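Below is one structure, written out as structure tokens; the observations come after it.
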Amino acid sequence: MAGGTGDVRKIFIFTTTQNYFGLVSEPWDQPLLYNGPEINNFLDDGNQMLLRVQRSDAGISFSNTIDFADTKDKVLVFFKLRPEVITDQNLHNNILVSSMLESPINSLYQAVRQIFAPMLLKDQEWSRNFDPKLQNLLSELEAGLGIVLRRSDTNLAKLKFKEDDTRGILTPNDEFQFWIEQAHRGNKQISRERASYFKELFETIAREFYNLDGLSLLEVVDLVETTRDVVDDVWRQTEYDHYPESRMLHLLDIIGGSFGRFVQKKLGTLNLWEDPYYLVKENLKAGISICEQWVTACDHLTGQVWQRYVPHPWKNEKYFPETLDKLGKRLEEVLAVRTIHEKLLYFLPASEEKIICLARVFEPFTGLNPVQYNPYTEPLWKAAVSQYEKIIAPAEQKIAGKLKNYISEIQDSPQQLLQAFLKYKELVKRPTISKELMLERETLLARLVDSVKDVRLDFETRCRGIPGDASGPLAGKNLSEVVNNIVWVRQLELKVDDTIKIAEALLSDLSGFRSFYRNAEDLLDQFKIYEQEQFDDWSRDIQSGLSDSRSGLSIEANGRIMELDPNDGSLKVHYSDRLVILLREVRQLSALGFVIPAKIQQVANIAQKFCKQAIILKQVAHFYNSIDQQMIQSQRPMMLQSALAFEQIIKNSKAGSGGKSQITWDNPKELEGYIQKLQNAAERLATENRKLRKWHTTFCEKVVVLMNIDLLRQQQRWKDGLQELRTGLASVEAQCPFTWQSKWEGPEDPLQYLRGLVARALAIQNWVERAEKQALLSDTLDLSELFHPDTFLNALRQETARAMGCSVDSLKFVASWKGRLQEAKLQIKISGLLLEGCSFDGNRLSENQHDSPSVSSVLPCFMAWIPQGSYGPYSPEECISLPVYTSAERDRVVTNIDVPCGGNQDQWIQCGAALFLKNQ
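Residue numbers in the sequence shown follow full-length UniProt numbering, run continuously in steps of one, and reach 920 at the last position.
Written out as structure tokens, the structure is:
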């Protein structure tokens with residue numbers, strides 16, 4: 001069935017072809033094409049099911065077969081639903097039309113993904129009648145095609161992985177899935193490890209992007225910041241081969257596209273003209289923030305940070321997501337329209353609100369979705385805005401005077417004036433109102449000029465000072481001097497930038513604006529010069545320090561990691577604090593946009609490599625150097641073995657099975673094992689110390705409790721408390737050295753000590769009774785009955801000085817075995833003294849015989865405080881001064897007394913002669 005020139009079937013074929021390929025001339029003007037056998041066969045032969053149309057440099061060609069072996073040109077395919085001859089009646093019921101782009105795999109994948117899978121799997125009517133097994137097969141087909149597409153290079157006969165091929169990556173989720181697949185299917189181990197590394201980096205944001213539609217606008221504002229950090233980490237990583245630049249460019253683009261579509265979808269659920277202003281404002285601001293943040297992130301990363309990143313520099317022009325930027329500006333315009341309307345309502349009285357009633361004001365926007373930005377909707381939007389401005393013009397005339405009166409009342413206060421202009425800036429920008437507020441705007445410009453002068457003066461005053469000083473830059477926390485100064489001047493930059501933005505928005509038409517703008521820009525230039533000077537000075541100082549081994553800026557990878565200082569015994573790690581500061585400075589300066597010199601960056605990279613281990617070792621070293629301060633003095637011997645074991649690990653820092661080679665920084669495996677040993681030893685020592693300190697506190701508390709028990713009325717409580725104390729002592733008896741147990745005042749047996757405690761308490765009561773009867777000093781006294789005999793002797797000294805009317809320093813202490821002391825105003829008779837190391841008969845010391853006891857009793861004597869100038873009972877030449885101890889352990893001296901020895905004092909010193917009080 002051959003068609004003529006008016007064949008509607010051929011007109012359908014050629015019109016569709018012309019529209020699809022964008023042809024200028026009509027194909028049916030070419031008779032050879034119009035009457036070609038391929039077209040006639042497809043239309044007139046029921047068995048011919050397919051017609052392919054392809055455009056190449058030679059023009060349009062038709063075929064009844066499909067062959068993609070040697071072309072990537074666009075293809076249009078007509079095919080029949082049923083094997084019938086095409087007629088005027090079945091033309092639109094039997095012909096299907098499909099296009100193919102790039103590859104048949106991509107076309108099939110997109111058709112399944114965008115059309116058939118949603119329809120057959122999600123539509124209730126179709127999915128109900130669709131076999132579940134077929135549904136699973138369709139899902140698997142979609143997933144499998146996606147994998148093939150992400151791994152294919154259509155230039156090759158066989159499918160082959162090529163990272164620069166991003167045709168199958170349409171959303172961020174596709175990119176995340178790509179690296180998941182590569183981590184499992186990579187050709188080489190290193191490729192799989194690299195893919196796994198990228199997969200882990202992307203996991204930080206993958207879950208949020210998979211569930212993007214379920215997030216709120218404010219949650220996505222945070223996601224933008226997180227995404228910026230993730231792509232920065234991906235680009236900067238140096239563990240494996242770099243992330244391809246073309247792939248990163250594509251990733252930034254599709255992330256921006258996802259954010260844009262998300263914003264449009266969320267805001268599309270609102271009626272931006274009729275919903276409450278606060279709700280519209282909140283959501284529009286969040287949408288604007290998402291757009292602005294991603295545009296700024298792309299500009300900063302590709303325009304500054306990555307271009308200066310030496311290990312992997314960005315080589316192309318900076319990437320600018322233009323569509324997202326324009327969407328953000330459109331949203332700003334929508335917000336401005338709603339804000340202007342809100343401000344007008346605020347200033348106009350209720351009777352005049354009808355002038356700008358909601359329905360009429362927003363009437364130009366009817367049928368226009370403002371969040372759907374594209375070049376085709378832009379003219380419609382501008383026309384609607386223009387019509388809107390004409391509608392509100394009368395209202396602007398009415399409120400201009402009111403706004404002028406309001407501002408004139410506060411123009412003497414610079415801060416209030418600025419706040420008022422910022423609050424009503426959308427209104428002030430309106431030409432009518434701007435003209436009316438000419439004088440007030442001149443006043444504001446003068447205030448801004450003064451503000452810039454103040455910033456300049458403050459900068460010039462402080463820029464050469466020391467951070468934190470009254471005449472220096474303001475100081476921040478945890479910032480070195482160079483970073484602090486740059487951050488300080490950046491804050492001044494922001495202040496001046498904000499001032500310029502305000503002036504540009506509201507005051508650009510004023511005569512003094514140009515002069516103000518030049519001064520502000522000049523000040524910003526000074527800030528830039530100051531920043532660069534600070535950075536250059538820092539670079540010179542660091543590079544100079546790199547050549548000085550004493551600066552602490554170098555680390556020997558094959559050197560010892562730590563050692564004991566031979567002078568003070570402290571443990572020192574060969575990783576200086578200056579290196580830690582350098583790492584922080586390099587990281588902060590890089591974030592501020594500075595290019596770190598290669599030499600400094602190399603040192604920082606080496607230091608960063610060992611930083612984690614160095615921090616752990618420094619913690620261990622601090623523990624070792626300070627553990628003695630954490631121990632109780634008497635408990636140190638108890639921890640001696642653990643401390644020696646810890647020190648032995650430090651001294652024997654050898655690697656290998658034979659322990660012959662020294663452990664160094666560049667031996668990570670051995671270093672990790674050594675650090676683990678150190679940490680385990682330190683933990684054992686710390687745990688033991690904590691346990692002993694706890695027991696010490698417990699014993700102290702229990703003794704205090706015992707001391708507050710009434711022994712006559714609470715005997716059982718006393719016994720229970722004593723048993724608890726014995727149980728506790730038994731639990732640490734294996735560790736408890738004699739010196740620790742001997743800290744008990746008196747016998748080492750706690751029970752004997754407590755008996756002595758009771759004996760002293762009873763004796764004190766007897767002393768009190770005698771003192772009340774004025775008979776204390778006339779009786780013979782036993783100093784061992786007192787808790788603090790030295791305190792009693794000092795009290796006697798003070799009472800004697802008071803009786804004699806002299807100072808206590810003018811008295812001396814003497815003892816006499818000859819009888820009472822004539823020079824003494826007050827004196828006491830003492831018994832109960834014991835002597836060790838020799839014998840005493842009351843006249844002079846003598847050596848012990850072979851059968852003499854080691855400790856002997858001393859006869860009672862008189863003791864008193866007499867003036868320094870008085871003669872005692874014995875001449876100095878015939879006496880020796882012997883100490884009087886509280887016990888035979890000789891750990892606490894009560895006083896010293898002169899004992900007649902007949903001369904030759906050295907003899908009695910050598911024999912260890914000493915007096916002590918008897919045990920209670």
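Backbone N, C-alpha and C fix where the C-beta goes; we use that ideal spot for every residue, glycine too.
Remember, predicted model here, so these are calculated numbers, not experimental data.
{"Check": "Cut-off 6 angstroms between Cβ atoms - residues of its own chain near W179, not counting five sequence neighbours on either side", "Outcome": "A195, F198 and K199"}
{"Check": "C-alpha gap between Y210 and N173, whole angstroms", "Outcome": "6 angstroms"}
{"Check": "Buried or exposed (CB count within 10 angstroms, at least 16 for buried), F516", "Outcome": "buried"}
{"Check": "Backbone secondary structure at G545 - three-state DSSP", "Outcome": "helix"}
{"Check": "P321: first and last residue of the uninterrupted beta strand (DSSP E) it sits in", "Outcome": "Neither: P321 is in no beta strand (DSSP E) and is coded neither H nor E."}
{"Check": "Residue burial classification, H788 (beta-carbon count within 10 angstroms, cutoff 16)", "Outcome": "exposed"}
{"Check": "Cβ of T443 within 7 angstroms of any chain B Cβ", "Outcome": "This model lacks chain B altogether, as it is built from one protein chain only."}
{"Check": "Whole-Å CB distance - V53 paired with T17, under 8 angstroms assumed", "Outcome": "5 angstroms"}
{"Check": "Spatial neighbours of K281 in its chain, beta-carbon cut-off 8 angstroms, leaving aside the 5 residues before and after", "Outcome": "L335, R338 and T339"}
{"Check": "Residues of its chain near V385, where Cβ-Cβ distance is below 8 angstroms and the 5 sequence neighbours each way are ignored", "Outcome": "E333, V337 and P364"}
{"Check": "Segment limits, alpha helix (DSSP H) that includes I581", "Outcome": "D577 to A591"}
{"Check": "Closest Cα partner of D851 within the set L81, C838, V580 and L845", "Outcome": "C838"}
{"Check": "Cβ-Cβ separation, S856 to L835 (assumed contact under 8 angstroms), whole Å", "Outcome": "5 angstroms"}
{"Check": "Whole-number beta carbon distance between L571 and I650, since they are thought to touch under 8 angstroms", "Outcome": "6 angstroms"}
{"Check": "Limits of the unbroken beta strand (DSSP E) element including S831", "Outcome": "Q827 to S831"}
{"Check": "C-beta atoms of E631 and N689 nearer than 7 angstroms", "Outcome": "The question names Glu, but residue 631 in the sequence shown is Met. In this structure, N689 lies closer than 7 angstroms to M631 by Cβ."}
{"Check": "Extent of the continuous beta strand (DSSP E) to which L215 belongs", "Outcome": "From DSSP, L215 is part of no beta strand (DSSP E); its letter is neither H nor E."}
{"Check": "Nearest neighbour of V894, chosen from G902, G903, V884 and A888 [CA to CA]", "Outcome": "V884"}
{"Check": "Per-residue burial, V768 [other beta carbons within 10 Å of its own, 16 or more giving buried]", "Outcome": "exposed"}
{"Check": "Whole-angstrom C-beta distance between I254 and I169, which should lie under 8 angstroms", "Outcome": "7 angstroms"}
{"Check": "Those residues which DSSP pairs with Q189 across a bridge", "Outcome": "Note: Q189 sits in no beta bridge, so no partner."}
{"Check": "Where residue 927 falls, given that 16 or more other Cβ within 10 Å makes a residue buried", "Outcome": "Because residue 927 is not part of the residues shown, which for the chain are 1 to 920, the question remains open."}
{"Check": "Own chain, CB closer than 8 angstroms to D764, minus 5 neighbours either side, in chain order", "Outcome": "The identity of residue 764 in the sequence shown is Ile, whereas the question assumes Asp. Answer for I764: E785, L786 and F787, listed in chain order."}
{"Check": "Local conformation of M631 per DSSP, three classes", "Outcome": "coil"}
{"Check": "CB-CB length for C298 against Y319, believed under 8 angstroms", "Outcome": "5 angstroms"}
{"Check": "Closest residue to T65 among F78, G512 and K74 (Cα-Cα distance)", "Outcome": "F78"}
{"Check": "Simplified DSSP state of P244, which is helix, strand or coil", "Outcome": "coil"}
{"Check": "For R797, the first and last residue of its enclosing alpha helix (DSSP H)", "Outcome": "P789 to M804"}
{"Check": "Secondary structure of P637, DSSP reduced to three states", "Outcome": "helix"}
{"Check": "Cα-Cα separation, T377 to K329", "Outcome": "14 angstroms"}
{"Check": "Q822 beta carbon less than 7 angstroms from that of A864", "Outcome": "no"}
{"Check": "Which residues DSSP lists as bridging S898, in chain order", "Outcome": "The displayed chain sequence assigns Asp, not Ser, to residue 898. Partner(s): S881."}
{"Check": "Residue closest to R726, alpha-carbon to alpha-carbon, out of Q714, R713, D710 and L706", "Outcome": "L706"}
{"Check": "Inter-residue spacing [alpha-carbon to alpha-carbon] between I616 and R514", "Outcome": "58 angstroms"}
{"Check": "Beta bridge counterpart(s) of F916 as assigned by DSSP", "Outcome": "L834 and Y885"}
{"Check": "Neighbourhood of K158 by C-beta distance below 7 angstroms, restricted to the same chain and skipping five residues each side", "Outcome": "Any reading at K158 needs caution, since the residue's pLDDT is 40, under 50, leaving its predicted position unreliable; the model's value is listed next. If we look at K158 and ignore the five residues flanking it on each side, it has no Cβ neighbours."}
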